[in-house]
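Heads up, the sequence shown is in the working numbering, so the first residue is 1 and it goes up one at a time.
Ideal Cβ placement from N, Cα and C applies to all residues, glycine included.
What follows is one structure encoded as structure tokens, with my remarks underneath.
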Amino acid sequence: MIQNSITNNIGVQDKRKPLCPHLLFPFFYLFPSISTYFSSSANRNSSRSRYRKSSFHLFPPISTYSNLFPFFYLFPSISTYFFSSVNRNSLRSRYSKYSFHLFPPVSYYFNLFPFFYLFPSISTYFSTSANRNSCRLYCFYAFLSISIFCISPATGQNELNGYLQTAAENNPGLKAKFNTYMAALEVAPQVKALPDPQVSFGYFIQPVETRVGPQEFKLSASQMFPWFGTLKAKENIAIQTAKAKYEAFEEAKSKLFNEVRSTYYNLYFIQKAIGITTENIGILNTFRQLVYVKVEAGGASLVDEYRIEMEIGDLENQLALLRDKQFVWEVMFNNLLNTKEQKPVIVPHELGTPDFSLSKQAALDSMRLNNHQLLSVDRQVDALRYRRDVAGKNGKPNFTIGMDYTFVGKGDGNMAGTDAFMFPKVGITIPLYRNKYKAMVQEVVYLEAAKENEKMDKANVLETIFEEGWKDYRDGDRRIALYEVQLDLAQKSLKLLETDYATGKTGFEEILRMERKLLKYYLELEKAKADKQAAISFITYLMGK
Numbered sequence: 001m002i003q004n005s006i007t008n009n010i011g012v013q014d015k016r017k018p019l020c021p022h023l024l025f026p027f028f029y030l031f032p033s034i035s036t037y038f039s040s041s042a043n044r045n046s047s048r049s050r051y052r053k054s055s056f057h058l059f060p061p062i063s064t065y066s067n068l069f070p071f072f073y074l075f076p077s078i079s080t081y082f083f084s085s086v087n088r089n090s091l092r093s094r095y096s097k098y099s100f101h102l103f104p105p106v107s108y109y110f111n112l113f114p115f116f117y118l119f120p121s122i123s124t125y126f127s128t129s130a131n132r133n134s135c136r137l138y139c140f141y142a143f144l145s146i147s148i149f150c151i152s153p154a155t156g157q158n159e160l161n162g163y164l165q166t167a168a169e170n171n172p173g174l175k176a177k178f179n180t181y182m183a184a185l186e187v188a189p190q191v192k193a194l195p196d197p198q199v200s201f202g203y204f205i206q207p208v209e210t211r212v213g214p215q216e217f218k219l220s221a222s223q224m225f226p227w228f229g230t231l232k233a234k235e236n237i238a239i240q241t242a243k244a245k246y247e248a249f250e251e252a253k254s255k256l257f258n259e260v261r262s263t264y265y266n267l268y269f270i271q272k273a274i275g276i277t278t279e280n281i282g283i284l285n286t287f288r289q290l291v292y293v294k295v296e297a298g299g300a301s302l303v304d305e306y307r308i309e310m311e312i313g314d315l316e317n318q319l320a321l322l323r324d325k326q327f328v329w330e331v332m333f334n335n336l337l338n339t340k341e342q343k344p345v346i347v348p349h350e351l352g353t354p355d356f357s358l359s360k361q362a363a364l365d366s367m368r369l370n371n372h373q374l375l376s377v378d379r380q381v382d383a384l385r386y387r388r389d390v391a392g393k394n395g396k397p398n399f400t401i402g403m404d405y406t407f408v409g410k411g412d413g414n415m416a417g418t419d420a421f422m423f424p425k426v427g428i429t430i431p432l433y434r435n436k437y438k439a440m441v442q443e444v445v446y447l448e449a450a451k452e453n454e455k456m457d458k459a460n461v462l463e464t465i466f467e468e469g470w471k472d473y474r475d476g477d478r479r480i481a482l483y484e485v486q487l488d489l490a491q492k493s494l495k496l497l498e499t500d501y502a503t504g505k506t507g508f509e510e511i512l513r514m515e516r517k518l519l520k521y522y523l524e525l526e527k528a529k530a531d532k533q534a535a536i537s538f539i540t541y542l543m544g545k
């Protein structure tokens, strides 16, 4: 029963299918001039020679790829073959049948990027070492970009639903609220029952002599009955109070789910920040190698080397701080779930950014109708109405019905006594002091007015909080759109600066400044995604879900 009550409103989202690596193969027949170029042995030897010179550090030796060359120059008619759409469709059909088993995953094809600069249109470009160094960076960024886009974005919704269910079943604070509600349910059977009957026994130390004999002892029994409808009103008070406790439990559940979701999204951002920072450290290490080459060649100052060392040191310190934060957030998350073991939290590779399904006014109306804090106040107001009814009935008489049985002993002359039995014995309470009962009614009236004002105040506060949450949601949406554009511009600017630095047109400080902006935009984009989902979660919590 508790699990069914606690684990409601946990949504389920469909999994996304991973990106198929086979989509990369059309790139192989987008360059029809390759067959003509490789038909010449001189061109082949020249390209191999240039590749050996430009493969410093970033790529393995050419012998690793030698087994792939027959694919390019053993079929000189391949470009002509692909001019026919029928042939292309036929090849795609045959490829789709056999590619699942014949070709390795897409990560194995990242090593093929060196062949993109074997084409004759760029062979002259690699005659200078500066251009070769610049192209290594381009290839490195291409590797990072394609590796990011080729990873399938696991939504993580199923994992999040599992965490929500675990929190609902294990969280001690939520269990305490539920037990409080269950205890309130047990009040109704107590207050709707009649008062316990009274039984009394009296013994005469000196028997009272009567005509028929002495009275020896006496038994009495009585039952009190309150005014009509009093017990039912008390039961209604207990029921409404229990409903208020239930709304408090639902409020605690919604708040717990919001905390779990918010902590989950923060963990996602921290893990993404760790990954992005690590990638940037790798990029700076690549820059450092290029700076070493330029310093040795006399084309750069030793200050550039010091600058990049300082930048790497700052990023490594930031990375260590992020890992410490990740541990703290994981402890917080596992404590919300109340799990015995501190396990790593599974977060998605990419966080989706779905929009909120309701309009602002619809969400606001839903909050006013379904927020558990407001519903709890409503139940308390209902309980006060029944309490006012009880206060009014307390000013009415109560009735008592009973019986007396008197045992009479033997009288003079050994005459047998006759016991006395009195039934019914009726009593009534007289509510004489009316000011007391008027004050009881007036007390409840004031409490009702206080609760109404409390509800209005709470509704105003919740509306203000809702506007803050909606502002955060809109802000997250705008920031996502902004930083996607800013990130694209920063990437393009960085590539231009790399080219200018390789040719000596700009200083290394400009590259480092743009690299900082690129890192900032990466982090801000992921932070905006997490903030948007956290704002949606908070709005959903205010709506009582």
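Based on the DSSP output, what are the partners of residue i in its beta bridges?
i, result
"I428", "F399"
"E209", "P214"
"Y483", "According to DSSP, Y483 bridges with nothing at all."
"M422", "D404"
"A391", "Answer is none; A391 lacks a bridge partner."
"Q223", "I401"
"V199", "A221"
Out of the options, state which residue places its alpha-carbon closest to the alpha-carbon of residue i.
i, options, result
"L336", "E311, A252, L351", "A252"
"I308", "E509, L525, L351, G427", "E509"
"Q198", "G282, S222, F466, V441", "S222"
"E311", "M514, G162, F407, E259", "M514"
"Q361", "I270, Y265, F466", "F466"
"M422", "G402, L462, L432, T286", "G402"
"G411", "D314, V441, E216", "E216"
"R385", "Y446, I346, P354", "Y446"
"E448", "E526, Y501, R478, R379", "R379"
"P226", "E247, D196, K177, F327", "D196"
"N285", "E526, A297, Y306, F228", "Y306"
"E526", "N460, H349, A320, K340", "H349"
"A439", "G392, I205, L462, Q289", "G392"
"I536", "G504, K505, M456, S262", "S262"
"A534", "P354, Y501, P431, L315", "P354"
"L369", "V260, G544, L494, N161", "G544"
"E159", "Y203, P344, K340", "P344"
"M224", "R478, E454, V426, Q442", "V426"
"E316", "V461, E279, N179", "E279"
Contact defined as beta carbons within less than 8 Å: I believe residue i pairs with residue j. What is the distance between those atoms, to the nearest angstrom?
i, j, result
"L219", "F201", "6 Å"
"N394", "Y437", "6 Å"
"K243", "Q373", "Not quite, the Cβ-Cβ distance comes to about 14 Å (not below 8 Å), so this is no contact."
"K451", "V377", "6 Å"
"L302", "V295", "6 Å"
"K255", "Y541", "6 Å"
"L497", "I480", "Rounded, the Cβ-Cβ distance is 26 Å, inconsistent with contact."
"L322", "I281", "Incorrect: roughly 12 Å between the Cβ atoms, too far for contact."
"D531", "G476", "4 Å"
"F249", "Y163", "20 Å between Cβ atoms; not a contact."
"K232", "A184", "Incorrect: roughly 18 Å between the Cβ atoms, too far for contact."
"Y264", "V347", "7 Å"
"H538", "N171", "The sequence as given places Phe at residue 538; His does not occur at that position. With a Cβ gap of about 19 Å, F538 and N171 do not count as contacting."
"I270", "K325", "6 Å"
"F333", "L267", "6 Å"
"V191", "E235", "6 Å"
Once you ignore the five residues that flank residue i on each side, which residues in its own chain have a CB closer than 7 Å to its CB?
i, result
"Y521", "Y483, Q486, L487, A490"
"A300", "V291, K294, F508"
"M444", "Reading the sequence as shown, one finds Val at residue 444 and not Met. Excluding positions up to five away in sequence, the list reads L384, R387, R388, A391."
What residues in its chain sit with their C-beta under 6 Å from that of residue i, if we drop five residues either side in the sequence?
i, result
"V187", "A238"
"I428", "P397, F399"
"Y141", "Residue confidence for Y141 is low, a pLDDT of 37 falling below 50, so the modelled location carries little weight; the figure read from the coordinates is stated next. So no residue of the chain qualifies."
"K517", "A490"
"A383", "I237, Q240, T241"
"T166", "L337"
"S366", "M543"
Tell me which same chain residues have a C-beta within less than 8 Å of the C-beta of residue i, skipping the five on either side of it?
i, result
"Q318", "T277"
"D419", "Y405, T406, F407, V408"
"A193", "L231"
"R211", "G411"
"P424", "I401, G402, M403"
Of all the alpha helix (DSSP H) runs that stay within the bounds of the stretch 281 to 368, which reach a length of 4 or more residues? 302 to 337
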